[in-house]
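These notes concern the structure reproduced below.
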Amino acid sequence: MRPFIRRRHKSIYTAYTADRHVNLIYSYTPETAKAILSMWKTCVKPSHIKPRNRELAILALCSVYDAPYVAYCHRIAGKMVGLTGEQIEDALDGKEPQGLDDEEVAAYRLGRALSETRGPLHDDVFSSITSKMEKSQAVGVANIIGGYLWIVTLIQLNGEDRRWVSIAFCLGHLFNLFGIQVSGLL
Numbered sequence: 000m001r002p003f004i005r006r007r008h009k010s011i012y013t014a015y016t017a018d019r020h021v022n023l024i025y026s027y028t029p030e031t032a033k034a035i036l037s038m039w040k041t042c043v044k045p046s047h048i049k050p051r052n053r054e055l056a057i058l059a060l061c062s063v064y065d066a067p068y069v070a071y072c073h074r075i076a077g078k079m080v081g082l083t084g085e086q087i088e089d090a091l092d093g094k095e096p097q098g099l100d101d102e103e104v105a106a107y108r109l110g111r112a113l114s115e116t117r118g119p120l121h122d123d124v125f126s127s128i129t130s131k132m133e134k135s136q137a138v139g140v141a142n143i144i145g146g147y148l149w150i151v152t153l154i155q156l157n158g159e160d161r162r163w164v165s166i167a168f169c170l171g172h173l174f175n176l177f178g179i180q181v182s183g184l185l
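Pasting the structure below:
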């Protein structure tokens, strides 16, 4: 196994062994990985979702699911889009962050609602959200949450003993292979 260096943040590099992680998803399901990652390139573009809305939605998802590496990456990404440390920690704790505009609050609430719901989103929730943000941004949040639910589901393969360092490393490598940049992070 060859060591692999992956850029995580402007000056932070993480070394890990790619073979162990990439084989887990890509080698077992290459067609699925290629299709999802191709779609992902479009979903993460700022023209589809504003960067702060994206990060708030992902932090909302991380407040619901046990995905420490995703939370770690998006603490950094949240700071890169101008969120304060307190806003990020509140979001991760499931508390609505203070000092956000109405659209950002709606993105956080929608991220939580989509992460928690196991059925259709209630009409009153949708109406409340879309009164604060454009429907295109709401769909952008839904696409991001859907993509991260896929990631979180794969992370759950780690099991209780975290048999792999993190499947997120594998996904980070796949994003890199397909040229997907999300603020330089997962």
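If you're matching positions, the sequence shown starts at 0 in numbering that gives the first Met the number 0 and goes up one per residue.
No residue lacks a Cβ here, since even glycine has one placed at the ideal position from N, Cα and C.
Here the structure is a predicted model, which means the values were calculated and not measured.
Exercise. Would you call the CB atoms of Arg53 and Ile143 closer than 8 Å?
Worked result: Against the sequence shown, residue 53 aligns to sequence position 54. Against the sequence shown, residue 143 aligns to sequence position 144. Yes, these two residues count as a Cβ contact at 8 Å.
Problem set entry | Backbone secondary structure at Ser37 - three-state DSSP | Counting from one through the sequence shown, the residue named residue 37 turns up at place 38. Three-state DSSP puts Ser37 in a helix.
Exercise. Got a sec? Which residues, its chain only, sit under 6 Å from His47 by beta carbon, not counting five neighbours each side?
Worked result: For the purposes of this step, residue 47 is taken as the residue at position 48 of the sequence shown. If we look at His47 and ignore the five residues flanking it on each side, its Cβ neighbours are Gly139.
Problem set entry | As assigned by DSSP and simplified to three states, the class of Arg111 | For the purposes of this step, residue 111 is taken as residue 112 along the sequence shown, with counting starting at 1. Three-state result, Arg111: helix.
For this session: Counting only runs of 4+ residues fully inside the region 40 to 89, write out the alpha helix (DSSP H) ranges in chain order.
Result: List check, alpha helix (DSSP H) in window: 50 to 63 and 67 to 79.
Exercise. Counting pairs of beta carbons, one from the region 88 to 108 and one from the region 37 to 44, are three or more of them closer than 8 Å?
Worked result: Contact annotation: the region 88 to 108 does not touch the region 37 to 44, with fewer than three C-beta pairs closer than 8 Å.
Problem set entry | Within 8 Å, strictly: CB atoms of Val151 and Tyr64 | Looking up residue 151 in the sequence shown gives position 152. Looking up residue 64 in the sequence shown gives position 65. Annotated as proximal: Val151 and Tyr64, with beta-carbon spacing under 8 Å.
Exercise. Would the beta-carbon of Leu58 fall within 8 Å of that of Gly77?
Worked result: Here residue 58 refers to the residue found at position 59 of the sequence shown. Here residue 77 refers to the residue found at position 78 of the sequence shown. Between Leu58 and Gly77, the CB-CB gap stays under 8 Å.
Problem set entry | Buried or exposed by the 16-neighbour rule on C-beta atoms within 10 Å, applied to Lys134 | Along the sequence shown, read from residue 1 onward, the residue named residue 134 stands at position 135. The Cβ neighbour count for Lys134, taken over all protein chains shown within 10 Å, is under 16; the residue is labelled exposed.
Problem set entry | DSSP state of Lys131 mapped onto helix, strand, coil | Residue mapping note: residue 131 aligns to position 132 of the sequence shown, counting from 1. It is coil, neither helix nor strand.
Exercise. Which value, in whole angstroms, describes the spacing of the CA atoms of Leu23 and Val69?
Worked result: As a working note, residue 23 is residue 24 in the sequence shown. As a working note, residue 69 is residue 70 in the sequence shown. Low confidence applies here, because Leu23 scores a pLDDT of 49, under 50, leaving its location unreliable and the question unanswered by this model.
Exercise. Would you call Glu30 buried or exposed, if buried means 16 or more other Cβ atoms sit within 10 Å of its Cβ?
Worked result: Here residue 30 refers to the residue found at position 31 when the sequence shown is read from its first residue. Exposed.
Problem set entry | Alpha-carbon spacing of Asp101 relative to Glu95, whole angstroms | Here residue 101 is taken as the residue at index 102 of the sequence shown, counted from 1. Here residue 95 is taken as the residue at index 96 of the sequence shown, counted from 1. Pairing Asp101 with Glu95, the inter-Cα distance amounts to about 12 Å.
Exercise. Whose C-beta lies closer than 6 Å to the C-beta of Ser62 among residues of the same chain, with five residues either side of it excluded?
Worked result: Residue numbering aside, residue 62 sits at position 63 when the sequence shown is read from its first letter. Contacts found: Leu91 and Gly93.
Exercise. Alpha carbon to alpha carbon, what distance is there between Leu120 and Gln136?
Worked result: For the purposes of this step, residue 136 is identified with residue 137 of the sequence shown, where counting begins at 1. For the purposes of this step, residue 120 is identified with residue 121 of the sequence shown, where counting begins at 1. For Gln136 and Leu120, the distance between alpha carbons rounds to 16 Å.
Problem set entry | C-beta atoms of Ala56 and Tyr107 nearer than 8 Å | The residue given as residue 56 occupies position 57 in the sequence shown. The residue given as residue 107 occupies position 108 in the sequence shown. Yes.
Exercise. Contact check, Lys131 vs Ala112 under 8 Å by CB: the rounded distance?
Worked result: In the sequence shown, the residue the question calls residue 131 occupies position 132. In the sequence shown, the residue the question calls residue 112 occupies position 113. Taking a contact as a CB-CB distance under 8 Å, the pair Lys131 and Ala112 does not count as one, their CB atoms being some 13 Å apart.
For this session: Keeping to the same chain, check which residues put their C-beta closer than 8 Å to that of Thr41; ignore five residues upstream and five downstream.
Result: Taking the sequence shown and counting its residues from 1, the one referred to as residue 41 is at position 42. His47, listed in sequence order.
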